[in-house]
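The listed protein sequences correspond, in order, to chains A, B, C and D.
According to UniProt numbering, the stretch in the first sequence is residues 1 to 349, in order.
According to UniProt numbering, the stretch in the second sequence is residues 1 to 349, in order.
According to UniProt numbering, the stretch in the third sequence is residues 1 to 349, in order.
According to UniProt numbering, the stretch in the fourth sequence is residues 1 to 349, in order.
Protein chains: 4
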Amino acid sequence: MSESEKIPVAILGSTGMVGQRFLSLLDDHPRFRVTQVLASSRSAGMRYAEATRWGLPTEMPAWARDLVVGDANALPDEGRVRLAFSALDASVAREVEATYAEAGIFVVSNASAYRMDPEVPLVVPEVNADHLDLVRSQRFGQGGIVCNPNCSTIGLVLALAPLHRAFGVEEVAVTTLQAASGAGYPGVPSLDLIDNVVPFISGEEEKLALEPAKILGTLEGDARGIAAAQIVVSPQCFRVPVIDGHTLSVSVRLAGDPGRDEVLRAWQDAAQAVPLRYTSAADRPQPRLDRDFSGGMGITIGRLRPCPVLGFRFVALSHNTVRGAAGGAIATAEAVLARGLLQGGSEGR
Amino acid sequence: MSESEKIPVAILGSTGMVGQRFLSLLDDHPRFRVTQVLASSRSAGMRYAEATRWGLPTEMPAWARDLVVGDANALPDEGRVRLAFSALDASVAREVEATYAEAGIFVVSNASAYRMDPEVPLVVPEVNADHLDLVRSQRFGQGGIVCNPNCSTIGLVLALAPLHRAFGVEEVAVTTLQAASGAGYPGVPSLDLIDNVVPFISGEEEKLALEPAKILGTLEGDARGIAAAQIVVSPQCFRVPVIDGHTLSVSVRLAGDPGRDEVLRAWQDAAQAVPLRYTSAADRPQPRLDRDFSGGMGITIGRLRPCPVLGFRFVALSHNTVRGAAGGAIATAEAVLARGLLQGGSEGR
Amino acid sequence: MSESEKIPVAILGSTGMVGQRFLSLLDDHPRFRVTQVLASSRSAGMRYAEATRWGLPTEMPAWARDLVVGDANALPDEGRVRLAFSALDASVAREVEATYAEAGIFVVSNASAYRMDPEVPLVVPEVNADHLDLVRSQRFGQGGIVCNPNCSTIGLVLALAPLHRAFGVEEVAVTTLQAASGAGYPGVPSLDLIDNVVPFISGEEEKLALEPAKILGTLEGDARGIAAAQIVVSPQCFRVPVIDGHTLSVSVRLAGDPGRDEVLRAWQDAAQAVPLRYTSAADRPQPRLDRDFSGGMGITIGRLRPCPVLGFRFVALSHNTVRGAAGGAIATAEAVLARGLLQGGSEGR
Amino acid sequence: MSESEKIPVAILGSTGMVGQRFLSLLDDHPRFRVTQVLASSRSAGMRYAEATRWGLPTEMPAWARDLVVGDANALPDEGRVRLAFSALDASVAREVEATYAEAGIFVVSNASAYRMDPEVPLVVPEVNADHLDLVRSQRFGQGGIVCNPNCSTIGLVLALAPLHRAFGVEEVAVTTLQAASGAGYPGVPSLDLIDNVVPFISGEEEKLALEPAKILGTLEGDARGIAAAQIVVSPQCFRVPVIDGHTLSVSVRLAGDPGRDEVLRAWQDAAQAVPLRYTSAADRPQPRLDRDFSGGMGITIGRLRPCPVLGFRFVALSHNTVRGAAGGAIATAEAVLARGLLQGGSEGR
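See below:
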């Protein structure tokens, strides 16, 4: 596809950690082409290369360097883009994303503002792409908002979805060991993560408790709502001295009392459609060695064994700023495209 | 008490990490005086200062420098010590500790060899000092063996004991974030703990699953056995880039459905006799800030809240080489002394 | 000395990292008693325990918890204190410290504002306590200002001073590996110090280049100025993932071509008056093992060997927030007291 | 080129850290094909996937999994390979590499055994590929040995070579901050690198002092020896908590007193032939962000400024296990090929 045929997209919150991941992952994307980068008014008017403290080991894409940063709080330019990825701070996301959606733009958001909004689909595309149909009846006119779950939720849901489909997930006790990049830059002070771990991440446990049930829920018959799954999640979140990669220690109670082989088979079957792998190595998954599986979009699961309290225990790991943020949002946008929700014009919607 | 009145003690495995803690903590101890340091035959005959790669920030005690290291595998010298602390490797502990006990020496061991032996008390002195009476009927003649629990078990049991006494603990799901010092030196390679965590510690989960029930169990009427408590523990152990301090993420099901205030009160009541504190800070306990509470002998608990799966969730932290190893063993030896089990002569036993 | 006989002191910038060290080190100080804690207007009016995110492993002193934080920018209360320790940010230190000094208060400052002021002594008390006499002719009336050097400078000067006295130091090439606590809290983002080092600390190299020559300089005959020493310093500063303890890699050219033994003897002689030790261990000093030498006030030197370029090479280490900040400032205040510069009244000055 | 036309190569020491890098970098190499993997007798006979604790984030190449590990200490199979890359431990490299060379195999070694041997070229191919001609007169018959420099030397030489060519390098004072992977696995204990740096790496300073003068030396007229350059290097080596990437703090005295722009131009000119970049960012290079430049084969230099002692100061960084080990050795083998030294048969030599 020639560059001019690609869909022009905007990145809201383009200068932060997740914004940078969006630009990096959209470099040479087959269907999307970044034409606008937006950030706070403080950066507006600067060249992207000036406005950004690039923090990825890969180079800033050459085409991004000279893009002029726009003001995310200004009204979107009429017709310049049809799709926007949002990596905005929670504090401004609610208003800006609504403004964009009302201007007819399809917003795929990494922010938490609309995740639990009953009109807004919360999507892990391999798991519940059908929920995307909710946008047809959203209040935002020609535009729409779709949300990416919290970075920890995504890993948990990718591991649980095959089990929920096969057996039904009833109860989950999960302890997370989350990477520093999840807090952005500057984010977590180094004094908190040298020779230390921190047993608290503001707002995180609430998200981990609520989001899985919505994602694993069922689209109602009229595609106007989601019936949440009956899953109880008890989370404890830690920040640990890791750059990228959230590790989850999971105990789960499944319906129907399946055996270990059946659980493994459920994951194996899912691996056809999802970049999911089970490792039998005794000491894996580990963030440094497993986070880049499948370009950072994959999930690695290990240490499945009986849990004398809930039934099964395992450890899962996924990349929090690729799979858990920018990469996940791009995959969702691809699903939006595949479902014909981004045709342009009202008929397409 | 003059030095000559103190009880002469030996340290088995004196050159390793925990051995060093023993020497450091016994410096100026009111009742014990280290007169013998023992290690593998490789170190035997060397001065302690030569044989040891001292790895503590505090200085090696001056009196220890010129002690000549004895061979732990040789027969103990008749009558030189009445008490020995063991920090031996699991591989040799079983045989050496038995040899010492059979020679009439009271061994307080940090090794796992005899922990689940039905004749051997497994003691956290603030919790089950009464179990020490088991030694009176041990097979080792004039000597005896008492075990210190695993370093993670101790923190868990200190947190659970007041709840078990007050309500009864039924089920526990625990994820540990364990410090590198728990593996000794050289121990965990740095390549495993830079930008990484490891979801496995060999043998650790088995210990954490079994030991609490024994410690929280009841001494049988004839003081010849322990009836284990009916507690189910489901553990997942991680190694994290922390020097000292094991952090525990705990979900617990208690009998009788107590309220949050009752749980807090149980801990508060226990704090009379145990160096236990509850912190209401949202992001504590943290290893670097809380491990040295009460000279490293204390436990800090925080984040108590409802767990929708098991009832309550909290985070606990204790120092793994002080409270969890050398310091705990010394406290146990003090309890042994207080109970009159170390009088010398058979009448004392 | 009873509490009421102690000198009442204020801490400017009391809630930050260095401020906390001041409070911690002044707990039970034989001559000083903290009666005022001051901070930015944001904290003013709050209890100290509320205003402060305490970040030390030792507990906040009980007497500090209920002190009401004063506004550092307000005029000092007449006569409440005669001495103030300043841990203010560079941005406000210049003005606030002058205001305090002009109000008749003796300010011992950890900020850089006045360090290179020709009227202000820059003091490492074991090295150049005689420079303190400069304050008698300062422009601040009854009060005065004395500065503590930069945290890296202090370690370097403690190592060089004995060599300068014995032989003359001519040229120094120094690479620093500095701890995160030097930047305060929140300070350095963890994303910069996990699996990483940073080859730049803003403003640090300028200080390290200039301060040693002033400290090692000579008080002029009339005690109205300092003739800087003729020492050329070439610095490169790194931030490394260490909590406390700055490590210095030093190459030095000495006058008179002394031998290795003479250099060692110069340090050994100095060790009578300074908490300085030379270690012959091949792999020391190390921050975690050596920073707490002499309560954090000491300097540990090692690896002395010929440098084929400048003559000698060695590695030195000192604690940056104790020796290099609060502890050093307190030692300087003790020297001020010992020299009779804090008698109260103009006659004392 | 079809697989069968590629040159079959062996990897000596294939299961360690650097051996793994060799396999990873030779996956899909246009000219070389790994047909033999060798290791200590302990691993011999096992499948490579069984014998190896794979420690790279990228996957083990599929073709490697089922290779049977040969015994590096056995005689090489006649004629199976013409080229061997050696990542052997220093302790066995001397003998094994000679055995291979005498069997007619061309050995490109990452070990230090033969680096300072006057018959053996020590090569950074972009710098001194002409030294390779030394092998024509080596004592090893049809085979030969070429050495890769120490991992720190390579970064230093890549930075200095353009300056040496343009101006002449006279004196160098260098402090290294070296990554943990340089010590292999298990290598440096984590207790040494959490909240710590270590000011010593056994044998490293000796290498850094000697190797640059040989590499920057001149091939004598008859191609039978190297006249070392007159460069004095004073090194201090640190181990720091970084996975990959050695950082060098360099002060250098150049002949002819060039200006800063001339130095920059020398590097810029070199960048035509060498993957070398200069960064003007104030706080770069940093290991995590710059080590992967040019696939890990590049060097990043920054912070060039006057050094009041030696003339110039800068910071350089390169990847120690790619550029500094396996990748450098492969580039050298490519240069060997390009120079016609690996034609097979004596005529080729």
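Backbone N, C-alpha and C define an ideal beta-carbon position, used for all residues, glycine too.
Check whether residue i and residue j have beta carbons under 8 Å apart
i                      : j                      : result
residue 164 of chain C : residue 219 of chain C : no
residue 86 of chain D  : residue 173 of chain D : no
residue 159 of chain C : residue 37 of chain C  : no
residue 157 of chain D : residue 212 of chain D : yes
residue 34 of chain D  : residue 325 of chain D : no
residue 366 of chain D : residue 179 of chain D : An answer regarding residue 366 of chain D cannot be provided, because it is not within the stretch 1 to 349 covered by chain D.
residue 187 of chain B : residue 191 of chain D : yes
residue 153 of chain D : residue 248 of chain D : no
residue 30 of chain C  : residue 60 of chain C  : no
Straight-line gap, residue i to residue j (C-alpha atoms, nearest Å)
i                      : j                      : result
residue 313 of chain A : residue 207 of chain A : 21 Å
residue 256 of chain B : residue 168 of chain B : 8 Å
residue 331 of chain D : residue 52 of chain A  : 35 Å
residue 225 of chain C : residue 297 of chain C : 28 Å
residue 340 of chain C : residue 133 of chain C : 10 Å
residue 147 of chain D : residue 329 of chain D : 8 Å
residue 300 of chain B : residue 121 of chain B : 25 Å
residue 334 of chain C : residue 295 of chain B : 30 Å
residue 28 of chain A  : residue 65 of chain A  : 15 Å
residue 139 of chain D : residue 78 of chain D  : 19 Å
residue 273 of chain A : residue 202 of chain B : 34 Å
residue 44 of chain C  : residue 96 of chain C  : 15 Å
residue 149 of chain B : residue 240 of chain C : 37 Å
residue 70 of chain C  : residue 41 of chain C  : 8 Å
For residue i, the three-state DSSP class (helix, strand or coil)
i                      : result
residue 269 of chain D : helix
residue 278 of chain B : strand
residue 202 of chain C : coil
residue 319 of chain C : coil
residue 349 of chain C : Low local confidence applies: a pLDDT of 34 at residue 349 of chain C is under 50, so the model's placement there is unreliable, and no value is given.
residue 312 of chain C : strand
residue 21 of chain C  : helix
residue 170 of chain A : strand
residue 293 of chain B : helix
Below-8 Å beta-carbon distance, residue i vs any chain C residue
i                      : result
residue 288 of chain B : yes
residue 256 of chain A : no
residue 340 of chain B : no
residue 188 of chain A : yes
Test: residue i CB closer than 8 Å to a CB of chain D
i                      : result
residue 349 of chain A : Since pLDDT at residue 349 of chain A reaches only 33, below the 50 mark, its modelled position is unreliable, and no value is offered.
residue 230 of chain C : no
Residue-level contact to chain B via CB, residue i, 8 Å cutoff
i                      : result
residue 195 of chain C : yes
Cutoff 8 Å: residue i Cβ touching any chain A Cβ
i                      : result
residue 118 of chain B : no
residue 292 of chain D : yes
residue 198 of chain C : no
residue 191 of chain C : yes
residue 152 of chain C : no
residue 147 of chain B : no
residue 242 of chain C : yes
residue 180 of chain C : yes
- request: Count the CB pairs spanning the stretch 100-117 of chain D and the stretch 53-62 of chain D that are closer than 8 Å, and state whether there are at least three.
  value: Touching, no.
Cβ contact check for the stretch 305-321 of chain C and the stretch 65-76 of chain C: 3 or more pairs under 8 Å: no
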